[in-house]
Amino acid sequence: MRYKITEEDRFLIESALEEDIKTGDITSELTIDDDKIMTGEFLAKDDGIVCGIDIAMYIFKKLDPDAVFKIKKEDGKAIKNGEIFATVTGRIKALLAGERTALNFMQRMGGIATTTSHYVKVIGSEKCKLLDTRKTTPLLRKFEKYAVRCGGGYNHRMGLYDMVLVKDNHIAANGGIRETLKRLYSHETNVPVEVEVKNLDELKIALNYPLDRILLDNFSIDALREAVAITEGKIPLEASGGIDIVSIKEVCRTGVDYVSSGALTHSFKSLDISFNIHEK
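Numbering (this note's numbering), first residue to last: 1258 to 1537.
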């Protein structure tokens, strides 16, 4: 996979660079010649999934427009411990100035992609899709959701603006699910509509409306099976709430269409990657 960097992305990436460099890399300024050219190698120190190559490329190109990248494994590809999966040749001062910012993005995104791939592997042949959530790092949501896709998962809504998702607090604010949905459907909307239900009684009410999906929040395995039977395939069902890599297979076996887990983006382990410099 390749990541297409937008103007919004440029601002975020350059802000991350500014956070680290500010007035300059004083150690390199004091110890390294301006025109020295070297090569940096990205070395995997864990098995995992590559993610963030294009962001790293943008960082080094921003600092040295003449830098040359060689990509051996694109985003979404598996890498092994000890494997060199990309190199960049350019001014050593630029490589050192961009090293940490590039690694911060790649290690984080690679960790999310790798974690997602583990979940997908556990799901195996079950016919439910793995979704992420909005439980992401502030300002990094787009990057982290891309990482989920690189790991084989799918994206839930990007934010509050691209999908209606009626949650428990909306229902509480309106005095019940029936009142909430009645009010919702008094308006026209051109985005998908999903409603969260906390029990089978709320599910039965929700089934009277033309919803695009119903979210079953913190249902037991038995309740999930019953919800699938009640729904009879009329509306896609999403299971959510406390689902981790241990429980996800059993949840998928209930017959739900989707399973969402915040753990993909809030409980992952960063992918261990090093950046080693040598003569070109």
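Ideal Cβ positions, reconstructed from N, Cα and C, are used throughout, including at glycine.
Hey, could you find the ends of the beta strand (DSSP E) F1299 is sitting in?
1294 to 1301
Kindly indicate which residue of K1402, F1476, R1348, I1294 has the alpha-carbon position closest to the one of L1521.
Out of K1402, F1476, R1348, I1294, K1402 has the C-alpha closest to the C-alpha of L1521.
Residues sharing a beta bridge with G1305, DSSP
I1336
Check whether the Cβ atoms of M1366 and K1537 sit closer than 7 Å, and answer yes or no.
no
DSSP puts D1474 in a beta bridge; with which residues?
S1497
Relative to the C-alpha of S1382, which candidate in S1531, S1524, G1512, E1271 has its C-alpha closest?
G1512
If we count the other Cβ atoms within 10 Å of its Cβ and call it buried at 16 or more, is E1264 buried or exposed?
exposed
Sorted by chain position, which residues of the same chain lie with C-beta nearer than 6 Å to L1274's C-beta, five sequence neighbours on each side aside?
T1358
Just to confirm my understanding: we take F1326, look at its own chain, exclude 5 residues before and 5 after, and list those with CB closer than 6 Å. What are they?
M1314, V1345
So, is H1523 buried or exposed, given that buried needs 16 or more other C-beta atoms within 10 angstroms?
Exposed is the call here.
Could you give the distance in angstroms between the alpha-carbon of H1444 and the alpha-carbon of V1452?
Rounded to whole angstroms, the separation of the alpha carbons of V1452 and H1444 is 16 Å.
Rounding to the nearest angstrom, what Cα-Cα distance links K1302 and G1309 in this structure?
Each residue's Cα considered, the two are about 16 Å apart.
Alpha carbons only, please: which of R1440, V1448, I1283 is nearest the one belonging to M1420?
V1448
Does the separation of the CB atoms of E1436 and I1478 fall below 7 Å?
no
Y1255, buried or exposed, once every other Cβ within 10 Å from all chains shown has been counted against 16:
Residue coverage of the chain in this structure runs from 1258 to 1537, which leaves residue 1255 outside it and unanswerable.
Residues bridged to A1343 [DSSP beta-bridge criterion]:
F1299, I1328
In the DSSP assignment, find the beta strand (DSSP E) that holds S1531 and state where it starts and stops.
1530 to 1536
Rounded to whole angstroms, how far is the Cβ of L1396 from the Cβ of L1269, which I believe are closer than 8 Å?
6 Å
Should L1472 be labelled buried (16 or more other beta-carbon atoms within 10 Å of its own) or exposed?
Around the beta-carbon of L1472, 16 or more other beta-carbon atoms lie within 10 Å, marking it buried.
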